[in-house]
Amino acid sequence: MPTTRRRIHPAWPVAAVAFIALLAAAGFRAAPGALMVPLHADFGWSMSSMSLAVSVNLLLYGLTAPFAAALMDRFGIRQVVAAALALVALGAGGSVVMTASWQLLIFWGVLIGLGTGSMALVFAATIADRWFVARRGLIMGVLTAGSATGQLIFLPPVATIAESTGWRPASLLIGIAALAAVPLVWFVLRDHPSDRGVLPYGATQEDVAPAAETSATTAEADSEFAGARAPRGGGAARRALTGLLSAARHRSFWALAIAFAICGATTNGLIGIHFIPSAHDHGMPAATAAGLLAVVGIFDIVGTIFSGWLTDKFDPRILLVAYYTFRGLGLLLLPWLLSDSVHPSMVLFVVIYGLDWVATVPPTAALCREIFGENGTIVFGWVFAAHQIGAAVAAFAAGVVRDAFGEYTYAWWGGAAMCVIAAVLSFAVRRRPNDTATATPAEVAP
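So the sequence shown is residues 42 to 487, counted in the numbering used here.
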């Protein structure tokens with residue numbers, strides 16, 4: 042009896058290439074912490090001046106995200122992502138010729154900031170929302186883990202090359218990796234499942250039917266959420282700004298944005314940029330500290346994917362409270378854990394912090410989608426912008442703290458205190474009426 046060969050749904054190759062693109066763009070995310078020490082040795086630049094360049098990068102990384110979401114709607118995903126990877130390659134490759142600290146602002150700050158911001162987590166949310174109905178939370182977790190995987194892959198060789206050969210070859214490695222992903226992006230990524238003649242993965246014809254009437258009925262049922270969706274017409278900048286103005290009228294948006302700003306401050310801003318210099322202050326070799334940060338990346342992958350699975354099953358607010366609480370405890374204890382060697386308590390910190398690193402992303406994206414419906418991706422872009430503003434402020438502030446006090450202790454404790462605020466704000470987010478704690482994103486999305 043003949044058998045029918047089961048065809049792989051096109052959503053899976055699209056998700057795989059999106060993962061690779063996010064991984065390639067994440068090369069620079071691992072670089073500053075590993076390159077700041079050799080740059081200081083080579084040029085004598087202060088931690089504050091180098092932290093300022095990283096802050097510009099993080100700020101543009103976040104502020105570009107909501108406009109990138111709208112640009113993907115208008116010009117197409119592959120066009121925007123291919124251009125973004127080219128900017129990352131230009132910034133990383135061009136930095137090898139710099140001789141002054143202001144040039145660091147151009148290459149690290151502006152070029153790479155715009156490039157990575159044009160993809161970022163908004164790219165992951167766009168792929169998950171357009172191509173998946175079933176397993177949406179899980180896919181968001183997997184794609185979010187792409188950045189962590191990039192950190193895992195790039196950080197050890199970047200740190201080793203920077204110490205043994207110099208920071209310039211290490212920077213070139215990042216540029217080459219970004220360029221290598223461009224052909225895959227161009228030939229595999231498509232904007233919508235309909236471009237491949239299929240429905241989103243796990244969808245039925247009813248799932249993709251126009252939902253405007255349903256969305257309007259749901260919005261009218263609760264005045265706080267009425268008008269939460271921005272018009273879909275107009276240019277990319279207009280859509281992004283309209284989405285912000287519409288979302289800014291709701292308290293839940295501000296709770297999510299401020300909590301996510303604290304998330305960025307306590308991950309990319311503090312640990313991501315300053316863990317290696319801080320460990321170096323305690324006598325730990327930079328390559329060893331980079332290895333520990335790479336282990337954070339390993340457990341970040343596990344934690345983020347598991348968080349995506351949990352987001353499909355439980356109240357995202359409760360997950361966020363737990364994540365921020367554990368992160369705050371880790372930062373509170375960190376000054377006593379750092380030393381000139383690796384010991385069990387430091388390994389435990391690395392494991393817990395890794396599991397928690399971007400586990401906040403799937404539940405935050407789910408809440409944006411649930412509250413703001415079809416405009417949720419652009420709103421998440423603005424929430425992610427807040428994440429990067431927090432990261433930028435923390436990256437610069439921690440460098441100032443280090444220059445002023447000769448150590449990072451007050452920076453770690455300040456991060457711990459902020460995590461308490463983030464936990465409270467996350468619990469205060471108001472979900473849609475009649476939602477249950479175990480409702481999945483697919484069930485509650487308009």
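C-beta: ideal position from N, C-alpha, C; glycine also.
Less than 8 Å separating the beta-carbons of residue i and residue j?
i	j	result
G310	A200	no
A400	S348	yes
A328	E204	yes
A186	I346	yes
G395	I430	no
A452	A463	no
T167	A66	no
R171	P241	yes
C409	F421	yes
V151	A110	no
I419	P107	yes
L325	S386	For clarity, residue 325 is Met in the given sequence; the question names Leu instead. Against a cut-off of 8 Å, the Cβ pair of S386 and M325 comes out as no contact.
L63	L184	yes
G68	A218	yes
V78	H321	yes
R231	V55	yes
G243	F195	no
A281	G456	no
F8	G191	Because the chain spans 42 through 487 in this model, residue 8 falls outside it and cannot be assessed.
Could you spell out where the alpha helix (DSSP H) holding residue i opens and where it closes?
i	result
P241	Counting along the chain, P241 falls outside any alpha helix (DSSP H), and DSSP gives it neither H nor E.
M160	Note, M160: premise wrong, no alpha helix (DSSP H); not H, not E.
W149	That residue, W149, is in no alpha helix (DSSP H); it is neither H nor E in DSSP.
M88	88-116
M325	That residue, M325, is in no alpha helix (DSSP H); it is neither H nor E in DSSP.
W454	450-469
I393	385-397
G68	Element bounds for G68: n/a, residue is neither H nor E.
E411	402-413
F355	Careful: F355 lies outside any alpha helix (DSSP H) and carries neither H nor E.
V424	417-446
S212	208-221
I303	292-305
Kindly list the residues whose CB is nearer than 6 Å to the CB of residue i, restricted to its own chain and excluding five residues on each side of it in sequence; keep chain order.
i	result
A427	A298, F301, A302
T352	G178, P403, P404, A407
A220	The sequence given here places Leu at residue 220; Ala does not occur at that position. Closer than 6 Å at the Cβ level, and outside the excluded window around L220, lie A130.
R209	V137
Using CA coordinates, which residue listed in the options is at the minimum distance from residue i?
i	options	result
A363	V465, A211, L100, R48	V465
A222	I147, A288, R231, L126	L126
H233	A133, F316, Y449, F116	F116
P51	V336, M113, V229	V229
L225	I342, K354, I118	I118
Y449	S319, A169, F69, A281	S319
W143	I314, V442, S92, R237	S92
P470	M160, T283, V58, W295	First, the residue type needs correcting, since residue 470 is Val and not Pro in the sequence shown. Answer by Cα proximity: W295.
E415	W227, S287, L128	S287
P403	R358, L379, G324, A130	R358
F84	Q120, R48, G207	G207
I314	A72, M113, A130, A82	A72
L501	W454, C409, D397	With the chain covering only 42 through 487, there is no way to say anything about residue 501.
G154	A124, I317, R209, V95	V95
A211	A457, F413, A75	A75
V441	A57, I194, M88, A457	M88
F367	G216, Q120, A458	A458
L99	T308, L370, R443	T308
I49	H384, T245, S293, V239	V239
S380	R443, F316, G417, G369	F316
D444	S90, M113, T105, H384	S90
Excluding the five sequence neighbours on either side, which residues of its own chain have a C-beta within less than 7 Å of the C-beta of residue i, listed in chain order?
i	result
T44	In this prediction, T44 scores a pLDDT of 46, lower than 50, which makes its location untrustworthy; the coordinate-derived value is nonetheless stated afterwards. So no residue of the chain qualifies.
F148	G132, G135, S136, M139
L214	P198, V199, I202
A406	A166, M181, F421
V337	V391, Y394, G395, W398
P272	Only weak support is given to the placement of P272: the predicted model assigns it a pLDDT of 43, under 50, and the question is left unresolved by the model.
V122	A62, M160, F164, V226, L230
W377	none
D341	A186, A189, G395, W398, V399
G344	G395, L396, D397, W398, A400
So, at 8 Å on beta carbons, what are the nonlocal neighbours of residue i in its own chain, with the 5 sequence-adjacent residues on each side left out?
i	result
W86	L80, S142, L145
P197	A328, A331, G332, A335
Y365	A300, I303, C304, T401, C460, V461, A463, A464, S467
L375	F390, W453
Flag residue i as yes if its beta-carbon sits less than 8 Å from any beta-carbon of chain D, otherwise no.
i	result
G440	The structure shown contains no chain D; it holds only a single protein chain.
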